[in-house]
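Step one of this worksheet: look at the structure below.
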Amino acid sequence: MNVAVLASGTGSNLQALLDQVHGRDGIRVVAVASDRPEAPALDRARSAEVATGVFPAARYADRTERDAAMADWLVGQETELVVLAGYMQLLSPAFLERFPARVINVHPALLPAFPGLRAVEQALEYGVKVFGVTVHFVDGGVDSGPIILQRAVELPDVRDSEAVLERLHPIEHELLPQAVRLIAAGAVRLDDRNPRCVVISPECV
Ligand code: GRF
């Protein structure tokens, strides 16, 4: 399965994919795209000799045009699964239609709680005691697609977002590669009776 990763920032989740799934079990990271030319994620891709593409908003008339160019490039790289790993832009409906049920995202909260930007800050402001990570399919909404994997962590005393993220990153770096492996193995499907629910073949977990 050919995987493309979209990332706007540091790319530690991209690195987890490069280290844990790239070149194994028939999975290859074939492309990394970013909206930010200076994103460190692009350097990680170059170090792994993975093709990179940069699609800054300023170069295009609007998001639809930018996403069409990005989708064309990803298709040209023979992408079969698109992984959003810290990609800070919303994708247009036309982009999602090019990769139906083939775009996933990692989010630093237990969805449906705290979708969107500043998820950890939202959770801290709310005063939760349990934080977590969600890997989900991307649909037309904000972090609203069917949930593939989730893990919670109790942090009753932590009040600082950096400290929470420090605890969540290792979980992200485990769950995202696991989700990619499960999808590559054909172990992930949507429930016929309730397509919001993701069913994972138990023998693959
Ligand atoms: C992660 O916390 C992820 O949950 C969120 O963006 C962050 C990306 O981090 N969507 P990195 O660039 O992979 O280090």
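Numbering (this note's numbering) for the sequence shown: 5 to 209.
Built from N, CA and C at the ideal position, the CB exists for glycine as well.
May I ask you to report which of helix, strand or coil DSSP gives residue i?
i           : result
residue 38  : strand
residue 70  : helix
residue 144 : coil
residue 65  : coil
residue 11  : coil
residue 188 : helix
residue 90  : coil
residue 111 : strand
residue 179 : helix
Go ahead and label residue i buried or exposed: buried means 16 or more other beta carbons lie within 10 angstroms of its beta carbon, across all protein chains shown.
i           : result
residue 51  : exposed
residue 87  : buried
residue 39  : buried
residue 205 : exposed
residue 176 : buried
residue 35  : buried
Using a Cβ-Cβ cut-off of 6 Å (strictly less than) and excluding sequence neighbours within five positions of residue i, which residues of its own chain qualify?
i           : result
residue 10  : 37, 88, 91
residue 18  : 9, 11, 45, 48, 89
residue 99  : 71, 75
residue 119 : 146, 147
residue 82  : 6
I'd like the list of long-range same chain contacts for residue i, defined as Cβ closer than 7 Å, with 5 residues on each side in sequence excluded.
i           : result
residue 169 : 112, 124
residue 115 : 138, 140, 147, 151
Apart from the five residues just before and just after residue i, which ones in its own chain have a Cβ nearer than 8 Å to its Cβ?
i           : result
residue 106 : 84, 85, 86
residue 21  : 7, 9, 33, 87, 89, 180, 181, 184
Every unbroken beta strand (DSSP E) inside the segment 122 to 170 [3 residues or more]: 134 to 141, 151 to 158
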